[in-house]
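A.B. asks:
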Amino acid sequence: MHMGWSFFLLFAGMIGVIALFGTIFWIWMIVDCAMNEPSEGNDKVMWLVLIVLLNLIGAAIYYFARRPERMQVMGR
123 MHMGWSFFLL FAGMIGVIAL FGTIFWIWMI VDCAMNEPSE GNDKVMWLVL IVLLNLIGAA
183 IYYFARRPER MQVMGR
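Convert by adding 122 to the 1-based position in the sequence shown; the result is the number in my numbering.
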C-alpha cells in the first residue's frame, strides 16, 4: 500500500475515534444534566439548551463549570 494511503487511513481512524468519544461525552453530559440537575427555576432547561446547541463545547462548559459545583452542593 502506498505511504499516502496508510497515513490517510490512520488519520481517518483517529478522527473517527475522537468523534466517537466526543459524542459519548456529549450524550453523557445531556443525561447527567437531565437526571441530576435540580428542577428549580430554569437552570436545568438553560443547561440542556446550552449543551445541545453548543454540542461538545457546551458539554465541556457544563462539565467544568456547573457539574463540580452541583456535586459539591448536592453530592450527586
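Quick reminder that beta carbons are idealized off the backbone N, C-alpha and C, glycines included.
#1: For P190, report the span of its alpha helix (DSSP H) as first-last.
#2: Just mark G180 as buried or exposed, buried being the case when its beta carbon has 16 or more other beta carbons within 10 Å.
#3: Quick check: the Cα distance between A182 and T145, rounded to an integer number of angstroms?
#4: Between L142, V167, L132, which lies nearest to D154 when the distance is taken from Cα to Cα?
#5: DSSP three-state label for N158, please.
C.D. replies: With the given structure in hand:
#1: Position 68 of the sequence shown, counted from the first residue, corresponds to residue 190. Unbroken alpha helix (DSSP H) run through P190: 189-196.
#2: The sequence position of residue 180 within the sequence shown is 58, counting from 1. Buried, since its Cβ has 16 or more Cβ neighbours within 10 Å.
#3: Indexing the sequence shown from 1 puts residue 182 at position 60. Indexing the sequence shown from 1 puts residue 145 at position 23. Taking the straight line from one Cα to the other gives about 12 Å.
#4: Here residue 154 refers to the residue found at position 32 of the sequence shown. Comparing Cα positions, the closest option is V167.
#5: Here residue 158 corresponds to residue number 36 of the sequence shown, with the count starting at 1. N158 falls in the helix class under three-state DSSP.
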